[in-house]
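> Structure below; questions to follow.
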Amino acid sequence: MKFLIINGPNLNMLGLREPGIYGDRNYATLCALCEEWCAAEGIECELFQSNHEGVIVDKIQEAYDKVDGIVINPAAYTHTSVAILDALKAVAIPTVEVHISKVSEREAFRQVSFVSYYAARTIQGMGFEGYGEAIRWLKGYITDSGN
Ligand code: CA2
Numbered sequence: 001m002k003f004l005i006i007n008g009p010n011l012n013m014l015g016l017r018e019p020g021i022y023g024d025r026n027y028a029t030l031c032a033l034c035e036e037w038c039a040a041e042g043i044e045c046e047l048f049q050s051n052h053e054g055v056i057v058d059k060i061q062e063a064y065d066k067v068d069g070i071v072i073n074p075a076a077y078t079h080t081s082v083a084i085l086d087a088l089k090a091v092a093i094p095t096v097e098v099h100i101s102k103v104s105e106r107e108a109f110r111q112v113s114f115v116s117y118y119a120a121r122t123i124q125g126m127g128f129e130g131y132g133e134a135i136r137w138l139k140g141y142i143t144d145s146g147n
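Numbering (this note's numbering), first residue to last: 1 to 147.
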């Protein structure tokens with residue numbers, strides 16, 4: 001089983017600012033943890049980060065027929081991007097949306113998610129551990145549904 005883990009704009013800056021919201025660990029630590037969590041489940045994983053909407057759309061399209069599951073934190077594009085939603089729908093790969101912070105308790109604009117219209121589950125407010133929860137849950141979802 002292979003997962004693609006996508007992180008959107010500014011997540012490469014984790015740990016540098018706003019530790020009260022996103023914690024004090026950096027993006028390299030998040031990647032190492034995701035690799036560990038996937039390895040523990042016997043899942044091959046590819047990590048990808050981009051600050052550009054079209055590049056994320058291209059990456060999702062390239063995953064068609066090559067990847068079994070997608071874990072995505074679209075960051076700010078969560079709240080604006082119909083293009084990322086449409087790309088996920090186009091490739092029809094089982095997907096979990098993750099947010100480090102509890103977006104439902106933040107500004108009104110963060111409470112809108114286009115990606116949620118497609119994602120099988122949204123995990124928020126669990127910090128980095130939310131990616132681990134997403135990886136384990138998505139494996140079970142794919143296995144149980146024969147996806
Ligand atoms: O809680 C999340 O994971 C978010 O997806 C993170 C995004 C934000 O736009 C979403 O509303 C919620 C922000 C990503 C990174 O932002 C940073 C800000 C300052 C310093 C480092 C990263």
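In this text, a Cβ means the ideal position worked out from N, Cα and C, and glycines have one as well.
For clarity, every value in this text was computed on a predicted model and none was experimentally measured.
For the ligand CA2, is there a heavy atom less than 7 Å away from the beta-carbon of Ser-104?
Counting from one through the sequence shown, the residue named residue 104 turns up at place 104. No, since every heavy atom of the ligand CA2 falls outside the 7 Å radius drawn around the Cβ of Ser-104.
> How many angstroms separate the CA atom of Gly-132 from the CA atom of Cys-34?
Here residue 132 refers to the residue found at position 132 when the sequence shown is read from its first residue. Here residue 34 refers to the residue found at position 34 when the sequence shown is read from its first residue. C-alpha separation (whole angstroms): 7 Å.
> Tell me whether Lys-2 sits in a helix, a strand or coil according to DSSP, three-state version.
Position 2 of the sequence shown holds residue 2. Looking at Lys-2 - three-state DSSP - the assignment turns out to be strand.
> Here's the rule I'm using: 16 or more other beta-carbon atoms within 10 Å means buried, otherwise exposed. How should Ser-116 be labelled?
For the purposes of this step, residue 116 is taken as residue 116 along the sequence shown, with counting starting at 1. By the 10 Å Cβ count, Ser-116 comes out exposed.
> Can you tell me where the alpha helix (DSSP H) holding Val-91 begins and where it ends?
Taking the first residue of the sequence shown as position 1, residue 91 is located at position 91. Per DSSP, Val-91 belongs to the alpha helix (DSSP H) from 82 to 91.
> I'd like to confirm the pairing. Which residues does DSSP put opposite Gly-69 in its beta bridges?
By 1-based counting over the sequence shown, the position of residue 69 is 69. The partner list for Gly-69 (beta bridge, DSSP) reads Phe-3.
> Within 10 Å of its beta-carbon, does Ile-21 have 16 or more other beta-carbons around it, so buried, or fewer, so exposed?
Taking the first residue of the sequence shown as position 1, residue 21 is located at position 21. Exposed.
> If contact is defined by three or more beta carbon pairs under 8 Å, each pair taking one atom from either stretch, is the segment 12 to 27 in contact with the segment 88 to 97?
Cβ pair count under 8 Å is below three, so no.
> Roughly how many angstroms lie between the CA atoms of Ala-39 and Ile-6, to the nearest whole one?
One-based indexing of the sequence shown puts residue 39 at position 39. One-based indexing of the sequence shown puts residue 6 at position 6. Taking the straight line joining both Cα atoms gives about 17 Å.
> On the three-state DSSP scale, how would you describe His-79?
The residue you call residue 79 lines up with position 79 of the sequence shown. Note: His-79 maps to helix in three-state DSSP.
> Would you report the Cα separation of Leu-11 and Tyr-64, rounded to the nearest angstrom?
For the purposes of this step, residue 11 is taken as residue 11 along the sequence shown, with counting starting at 1. For the purposes of this step, residue 64 is taken as residue 64 along the sequence shown, with counting starting at 1. Their Cα atoms are separated by approximately 24 Å.
> Would you say the beta carbon of Ile-6 is closer than 7 Å to some non-hydrogen atom of the ligand CA2?
As a first step, residue 6 is located in the sequence shown; it is residue number 6 there, counting from the start. No - the ligand CA2 has no heavy atom lying nearer than 7 Å to the Cβ of Ile-6.
> Report yes or no: is there a C-beta of chain B within less than 8 Å of the C-beta of His-52?
The structure shown has no chain B; it contains just one protein chain.
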